[in-house]
Amino acid sequence: MQGIENENRDRSQFTEENLIENCNDVKFLREKVLMLFQVIDDIDTGLDMFKQNHEGYQKFCAKHVGRRWDGLTSNGRGVYVDAPDSQESKSRYQAVKDAFPEGVWVFGLGEEKGCSYTFDYDTDNPQPFSYLGTCNPDDFRIATPEEIIEGMRNIGIHQFISVKDCMRALKVHMRNDEPEKPGSYAHGWHCNIATACFDSIPEDAGIDRHKIGNEAASRFMKICFDVETKG
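Straight run, no breaks: the sequence shown in our numbering ends on number 232.
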């Protein structure tokens, strides 16, 4: 299906000038190599995730293989570089990035139903929007915990959650909960880390234990979760 869709694109794309063999944009080619490797790696990871769940694996692969058309197209005889995106498209992609942090799970509100998480922010086509055929943030909203669980079940993920996904989820929830304010989720982490540092420094050390504990906690939260916290 995806091949047919790409074959029906504007025929003006299929010129010798647009052949990927004639592309001199090293940055673009490097991005495509990394993207294609990631697609293959994700599909390989799916083998471990789905085991004997063949239907789940097929759905998983169907979602991921579409990513290979990011910036590329084909007429069945060659691979071509897409014409540059219009300014309007670029602004809409940026709107997606502004509306949804990387790694947050989103739920489709329009024609696209279902739940998926956004990723691949190193390109101008943050998922899942590019493979769902839209870059309009108004077509999605942040998913509820129940929708996320159901979405994972629908693609066959029952027990397998990577450490990367867990860290990503923590980052998203910390950023969305006003981390700079006392009482926020990130501030709770900060206080526990600062207290641990405070308690580990002897009282007679002759240094400001409160200051060191808070500075250590702030540094840890910035490095691990990219949030700004204060004691």
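Ideal placement from N, C-alpha and C gives every residue a C-beta, glycine not left out.
Continuous alpha helix (DSSP H) stretch holding residue i: start and end
| i | result |
| --- | --- |
| CYS225 | 210-226 |
| CYS24 | Note, CYS24: premise wrong, no alpha helix (DSSP H); not H, not E. |
| THR194 | Inspection of the sequence shows that residue 194 is occupied by Ile rather than by Thr. Residues 186-201. |
Nearest to residue i (by Cα), restricted to the options the options
| i | options | result |
| --- | --- | --- |
| PRO138 | TYR118, ASP71, ALA96 and HIS188 | ALA96 |
| GLU151 | LYS114, ILE208, ASP99 and GLN59 | LYS114 |
| GLN15 | VAL80, PHE221 and GLY232 | Looking at the sequence itself, residue 15 is Phe, so the reference to Gln does not match. The shortest Cα separation from PHE15 among VAL80, PHE221 and GLY232 belongs to VAL80. |
| GLU179 | ASP209, GLU229 and PHE51 | GLU229 |
| LYS60 | GLY184, ILE202, ARG210 and MET153 | MET153 |
| ASN193 | ALA218, LYS182, GLY207 and HIS211 | ALA218 |
| GLY104 | ALA63, GLY111, THR196 and ILE143 | ILE143 |
| CYS225 | CYS167, ILE208, GLU204 and ALA206 | CYS167 |
Straight-line Cα distance separating residue j from residue i
| i | j | result |
| --- | --- | --- |
| THR145 | VAL34 | 34 Å |
| ASN9 | ASN19 | Residue confidence for ASN9 is low, a pLDDT of 40 falling below 50, so the modelled location carries little weight and cannot support an answer. |
| ILE213 | PHE199 | 7 Å |
| GLU32 | HIS191 | 36 Å |
| PHE172 | ARG78 | In the sequence as presented, Phe is not what sits at residue 172; that position holds Lys. Distance between the alpha carbons of LYS172 and ARG78 is about 44 Å. |
| HIS55 | ALA100 | 34 Å |
| PHE141 | SER117 | 10 Å |
| SER87 | GLU22 | With a pLDDT of only 38 at SER87, under 50, the local geometry of the prediction cannot be trusted, and the value read off the model is given with reservation. Using only the alpha carbons, I get a separation of about 23 Å. |
| TYR186 | MET175 | 6 Å |
| ASN25 | LYS223 | 38 Å |
| LYS98 | ARG169 | 15 Å |
| LEU48 | HIS65 | 13 Å |
| ARG210 | ALA195 | 9 Å |
| ILE44 | VAL82 | 24 Å |
| CYS62 | GLU147 | 24 Å |
| TYR58 | ASN76 | 27 Å |
| LEU110 | GLU17 | 40 Å |
| ASP227 | LYS182 | 15 Å |
| ALA197 | ASN177 | 25 Å |
| GLN53 | MET36 | 27 Å |
| PHE221 | ILE202 | 17 Å |
| MET50 | GLY184 | 37 Å |
| THR74 | THR119 | 23 Å |
| ASP42 | TRP70 | 16 Å |
Extent of the continuous beta strand (DSSP E) to which residue i belongs
| i | result |
| --- | --- |
| LEU73 | 73-75 |
Per DSSP, cross-strand counterpart(s) of residue i
| i | result |
| --- | --- |
| TYR118 | TRP106 |
| TYR81 | LEU20 and THR74 |
| PHE141 | GLY109 |
Rounded distance between the beta-carbons of residue j and residue i, thought under 8 Å
| i | j | result |
| --- | --- | --- |
| ARG68 | VAL107 | Not confirmed; about 16 Å, so no contact. |
| GLY72 | PHE29 | 7 Å |
| ASN215 | GLY189 | With 8 Å as the limit, ASN215 and GLY189 do not qualify as a contact, their Cβ atoms being about 14 Å apart. |
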